[in-house]
Amino acid sequence: MILTIIKKEILEAVQSFRFLIATLLCLFLIPLGMYVNLKEYEKRLADYQESVRLYEERSKGNVGAFFSAEGYRPPSVLSIFSVGLEYFLPNKIVTSRDGNVRTSNEQGINNPQSLLFGKVDLLFNVSYVISLLALIFTFSTITGEKENGTFRLVMSNPVPRWQILVAKMAGNYLVLLVPFALSVLVALLILAASGTVAVFSSAVLPSILTILLITLVFILAMFNLGILISSLTHRSITSIVALLFIWAVLVLSLPKISPMVAEIVYPVTSQQVLNIQKTMARENLEKERREKIVELYESLAPQFGVDPNTSFYPGRTENEKRLFALNDSLKQTIEGEYEQRINMALGRLDEEHRNCQNTQTSIAMNLSRISPASCYAYIISEISATGTLEADKIRENTERYQAEVKENLYDKYIKKEVITRNGWASGGDYVRGFDPRTAPTPELKYRHANLDEALKTEWTDIVLLLLFNIVFFALSYVSFLRYDVR
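Below, the structure is given as structure tokens:
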């Protein structure tokens with residue numbers, strides 16, 4: 001009997017005008033959005049490759065002790081499916097000898113209107129268009145049958161109500177999946193034909209399949225929501241009005257309001273204020289370091305019969321040379337101590353700011369998770385390496401790149417200096433075997449968040465998306481058990 005009802009639902013849905021509209025929207029929007037985002041990805045990729053080439057060309061033969069190494073973040077290939085934060089995340093890392101590494105976003109915005117109204121990627125199409133179509137397909141599943149008087153005919157057969165509910169959901173769900181699957185197939189063929197994206201490679205295909213699987217779960221959740229509201233109402237017009245209101249709240253409003261509420265409830269200092277705090281902390285410790293080095297030199301100079309106010313380097317007499325050699329040796333301990341203290345102080349400020357940001361983000365995300373659309377957006381953006389996890393990956397890559405450049409470049413230069421209260425003099429040399437004219441240009445090997453990391457980060461949203469399906473269906477079943485079909 002359940003198969004008969006499923007066939008009935010499929011036949012009615014296919015013959016309806018809404019199926020034609022769904023087919024036209026899916027076959028137009030999804031392939032078009034994929035193609036446009038593919039072209040934008042190709043443009044970002046070309047800009048990235050050109051930036052790396054120019055950097056290497058400019059740096060060749062100039063990799064000295066005071067060289068500022070630059071690293072560039074390549075665009076995520078999966079940003080074609082979800083643009084997310086791609087245009088707002090830093091795309092350049094600049095190292096420095098003093099450890100003051102910085103990141104910046106220099107990719108610019110060629111078409112501001114595209115960001116003003118949002119990108120039409122797969123995430124947009126599913127979250128807004130497909131979710132609305134799911135509600136249109138289900139708003140009259142129960143109320144429509146009652147209004148047409150066919151429910152009494154169906155219920156005259158010995159069929160459990162849960163089978164009717166499952167059949168109605170499955171029939172309409174399968175019908176909507178037909179145009180969606182066709183449009184996705186066309187979109188993937190466009191990607192494969194471009195030659196830019198290796199759709200069927202082991203590096204990309206698992207993520208694409210995961211995105212599509214999560215998408216199917218989200219669409220099913222919206223179907224269950226539509227059936228739930230249809231089972232709670234007795235007129236189709238009431239059902240569609242209620243669903244439109246709920247859709248506006250869950251899809252349009254709540255995801256955007258949640259960050260605003262979090263900023264009010266838990267305000268966080270800006271990055272500009274943090275940078276000023278870090279600069280002040282560094283300057284205070286640098287001033288203290290300089291004072292310690294001056295005191296060291298003043299205590300050593302009289303032992304060698306040298307005026308502590310002289311700072312000629314590397315020394316004119318044998319006594320001065322021995323003094324400067326001993327001073328350089330002992331000064332390294334002070335330098336190491338204050339380098340560690342500076343790193344700890346700056347790290348503490350960064351950690352405190354990061355913890356505050358994480359708390360604010362957690363408040364916003366937990367509030368927005370009332371909506372299945374938010375859960376879906378978090379999952380897809382993280383899998384696409386364009387979500388909040390990618391901000392953490394940028395920090396990890398920045399720290400790793402700075403450490404690599406320090407080890408392979410900055411530590412190859414031994415700086416020697418004498419600091420007195422009247423002035424300073426300095427010199428230095430490279431370690432044996434290191435030639436800045438032939439040294440390779442430091443290159444950033446950026447690592448995006450992979451699929452495993454994304455799934456571990458987003459397991460909460462995946463579970464919630466499954467729970468939405470279970471809860472919506474359970475409530476629909478309880479409501480349908482008491483539904484008056486007369």
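Going letter by letter, the sequence shown gives residues 1 to 486 in the numbering used here.
We put the beta carbon where it would ideally sit given N, CA and C, even for glycine.
At a Cβ-Cβ threshold of 7 Å, Tyr401 and Tyr413 do not count as neighbours. Residue burial is scored here from C-beta neighbours: Ser374 has at least 16 other C-beta atoms within 10 angstroms and is therefore classed as buried. The stretch 223 to 230 and the stretch 64 to 72 do not touch, with fewer than three beta-carbon pairs separated by less than 8 Å. Just so you know, the alpha carbons of Leu220 and Leu475 end up roughly 15 Å apart. In this structure Ile394 is not in contact with Leu451, their Cβ atoms being roughly 18 Å apart against a cut-off of 8 Å. Note: Val94 is bridge-paired with Glu70, Arg102 in the DSSP secondary-structure output. For Ile370, the secondary structure class from DSSP, reduced to helix, strand or coil, is coil. DSSP places Asp307 in the coil class of the three-state scheme, outside both helix and strand. Inter-residue distance for Lys7 and Val178 is about 15 Å (C-alpha atoms, whole angstroms).
For the pair Leu465 and Leu250, the Cα-to-Cα distance works out to about 13 Å. Judged by DSSP in its simplified three-state form, Tyr477 adopts helix. Between Ile342 and Leu285, the C-beta spacing is below 7 Å. In this structure the stretch 121 to 140 lies against the stretch 239 to 250, because at least three pairs of beta carbons, one per stretch, are closer than 8 Å. A straight-line Cα-Cα distance of about 13 Å links Lys292 and Leu300. Per DSSP, reduced to three states, the secondary structure at Lys415 is strand. Burial is judged here by how many other beta carbons sit within 10 angstroms of a residue's own beta carbon; Ile470 has fewer than 16 and is exposed. The C-beta of Asp350 has fewer than 16 other C-beta atoms within 10 Å across all chains shown, which makes the residue exposed.
Taking the Cα of Asn355 as reference, the smallest distance to any Cα among Gly336, Val83, Asp392 is reached at Asp392. By the criterion of at least three beta-carbon pairs nearer than 8 Å, the stretch 181 to 188 is in contact with the stretch 24 to 43. With a contact defined as Cβ atoms closer than 8 Å, Ile363 and Ser82 miss out at about 23 Å. Within the DSSP bridge table, the entry for Tyr430 names Tyr413 as partners.
Taken in chain order, the complete alpha helix (DSSP H) segments of 4 residues or longer contained in the stretch 124 to 149 are 131 to 138, 143 to 148.
For the pair Phe180 and Asn91, the Cα-to-Cα distance works out to about 34 Å.
Short of 6 Å from the beta carbon of Ser258, and not among the five residues preceding or following it, lie these beta carbons of its own chain, in chain order: Ala364, Leu367, Ser368. Contact check between the stretch 119 to 128 and the stretch 30 to 43: three or more CB pairs, one atom from each, fall below 8 Å, which counts as touching.
Under the three-state reduction of DSSP output, Val83 falls in the coil class, being neither helix nor strand.
Sixteen is the threshold: since fewer than 16 other Cβ atoms of the shown chains lie within 10 Å of the Cβ of Asp307, the residue is exposed.
Under the three-state reduction of DSSP output, Asn408 falls in the helix class. With at least 16 other beta carbons inside 10 angstroms of its own, Ile93 counts as buried. Exclusion of the five residues before and after Leu296 leaves Asn327, Leu330, Lys331, Ile334 as the residues of its chain whose Cβ lies within less than 8 Å of its Cβ. Only residues of its own chain outside the window of five on either side were considered, and among them Arg97 have a CB closer than 7 Å to the CB of Phe66, listed in chain order. At the C-beta level, Val14 and Val175 come within 7 Å of one another. Taking Ala242 as the centre and dropping the five residues before and after it, the same chain places the C-beta of Ile229, Thr233 closer than 7 Å to its C-beta, in chain order. Just so you know, the alpha carbons of Gly305 and Gly347 end up roughly 42 Å apart. With a 10 Å radius around the Cβ and a threshold of 16 neighbouring Cβ atoms, Val77 comes out buried. Nearest Cα to Val478 within the set Phe88, Trp162, Phe19, Arg44: Trp162.
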